[in-house]
Amino acid sequence: MSDHDQMAQEATARIAASEDLTALEALRVEYLGKHGSVSALLKTLGKMSPEERQEKAPAIQGLRQTVADALASRKAELEAAELEERLASETLDLTLPAGAGPKGSIHPVSQVMDELAEIFADLGFAVATGPEIEDDWYNFTALNMPESHPARAMHDTFYFPDPAPKGGKMLLRTHTSPVQIRTMMDKGAPVRIIAPGRVYRSDSDATHTPMFHQIEGLVIDRDIHLGHLKWTLETFLKAFFETEDIVLRLRPSYFPFTEPSVEVDVGFAIENGKRILGGSGDEPGHGWMELLGSGMVNRRVIEFAGLDPDEWQGFAFGVGVDRLAMLKYGMDDLRAFFDGDTRWLEHYGFSALSQPTLSAGVGERA
Ligand code: DAH
């Protein structure tokens, strides 16, 4: 047997017998490291005459390859064994109830949506939903915003390349209002729903995120008028903020899907630099804060949804859920809502065990 064969045999035997990755690494250095014995043999090739090199090179390079292969296969074996051992020792039973360790909590947005569902259920409203990837027709056209309507420009829309079944392109819904159309078309009249959910606009700063939450309200029935709208909003806001001291101001406004349209402001006082809801905004030291958009559903919208506007009327409103959460629970940066920071969630989150109820208080903290 040649010297090289003998060296290869000895090396492969030692490599196969190595007990762990540290021992294996020591062998790699011993043979193939900068000062290793196989490396030294490779270096001798440079000093040989071309004929001699042609004769000896295959054996030396073969030796290097054999050692390298043996190291690689033992490394794979040792790593597999190490993984086996870890899998056997570190068992995790996912069916166990959550005990020690970080506790989950209810995100303020979910909490507020639950509170709103509870309040509106008491007023006889059902919860409706619609898709977040929406057809241009439901998001705009049927809400009285045809292709060329300037109000479309106010919604910085994310479009998909895909054509929408009813014309235009598919998009990420820019508001929850398309659920109005879907509900009227699916269920007919009368209607009494709220529709909470995610909406999307290409906008981002401390008070705007590309995804945020709205809740839509829709009532369609016979002989519905603005008084019903005002009473409903007042009742909802008093229950939500858990105070009788809520003063609303209805300001004429414009939305393509309502006629007349009103923007609803709520009065607040400034105490220690903070805005506290309550009182008329016209009192000294007070102000008005814009809270939501609403109005009587435009006849055209009722027609688009396939109902007869001479028979059916109604009101609608749309309000930012994140904004309601910030006002009620005192956060000031919307972006933190979606960072997924567990410290923020621990501070602002709610216990999964305390469901909001009207009798116990919709905003009870655990
Ligand atoms: N969809 C409107 C928006 O996102 C909000 C809105 C205003 C909804 C008035 C309504 C409404 O239902 O009547 O800006």
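FYI, the numbering for the sequence shown is 756 to 1121, going by our numbering. Yeah, the Cβ is synthetic: ideal placement off N, Cα and C, and Gly gets one too.
Taking the alpha-carbon positions, what's the residue i to residue j distance?
| i | j | result |
| --- | --- | --- |
| GLN866 | PHE1105 | 7 Å |
| ASP775 | GLU834 | 9 Å |
| GLN764 | ASP758 | 10 Å |
| MET1044 | GLY1022 | 6 Å |
| VAL1056 | LYS858 | 46 Å |
| LEU1005 | SER1114 | 29 Å |
| HIS980 | ILE1001 | 21 Å |
| LEU1074 | GLY952 | In the sequence on display, residue 1074 carries Val and not Leu. So the alpha carbons of these two residues sit roughly 11 Å apart. |
| ALA712 | THR846 | Residue 712 falls outside the range modelled here, since the chain spans only 756 to 1121, and no answer is possible. |
| LYS830 | LEU838 | 12 Å |
| THR990 | TYR1103 | 26 Å |
| GLU832 | THR964 | 50 Å |
| ARG956 | ALA836 | 51 Å |
| PRO1011 | ASP1087 | 31 Å |
| SER1035 | LEU992 | 15 Å |
| GLU1058 | LEU1082 | 36 Å |
| PRO933 | ALA994 | 26 Å |
Can you tell me whether residue i is buried or exposed, with buried defined as 16 or more other CB within 10 angstroms of its CB?
| i | result |
| --- | --- |
| PHE915 | exposed |
| ASN1053 | buried |
| ALA768 | exposed |
| VAL784 | exposed |
| HIS968 | buried |
| HIS910 | buried |
| ASP1065 | exposed |
| PRO863 | buried |
| TYR786 | buried |
| ILE1031 | exposed |
| ALA781 | exposed |
| GLU902 | exposed |
| ASP1094 | exposed |
| ARG819 | buried |
From the DSSP secondary-structure annotation, give me the bridge partner or partners of residue i.
| i | result |
| --- | --- |
| PRO951 | ILE970 |
| ILE936 | Looking at the DSSP assignment, ILE936 forms no beta bridge with any residue, so it has no partner. |
| ARG1030 | ILE1025 |
| TYR914 | LEU926 |
| LEU1047 | VAL1019 and VAL1074 |
| GLU889 | LEU926 |
Helix, strand or coil for residue i? Go by DSSP, reduced to three states.
| i | result |
| --- | --- |
| ILE979 | coil |
| ILE1001 | coil |
| HIS904 | coil |
| SER1016 | strand |
| HIS930 | coil |
| GLN1068 | strand |
| ALA1121 | Any reading at ALA1121 must be qualified, since the residue scores a pLDDT of 44, below 50, and its modelled position is unreliable; the value itself is stated next. ALA1121: coil per DSSP, three-state reduction. |
| ARG956 | coil |
| HIS759 | helix |
Is there at least one non-hydrogen atom of ligand 3 closer than 6 Å to the beta-carbon of residue i?
| i | result |
| --- | --- |
| ASP958 | Absence of ligand 3 from the depicted structure is noted, with ligand 1 being the only ligands included. |
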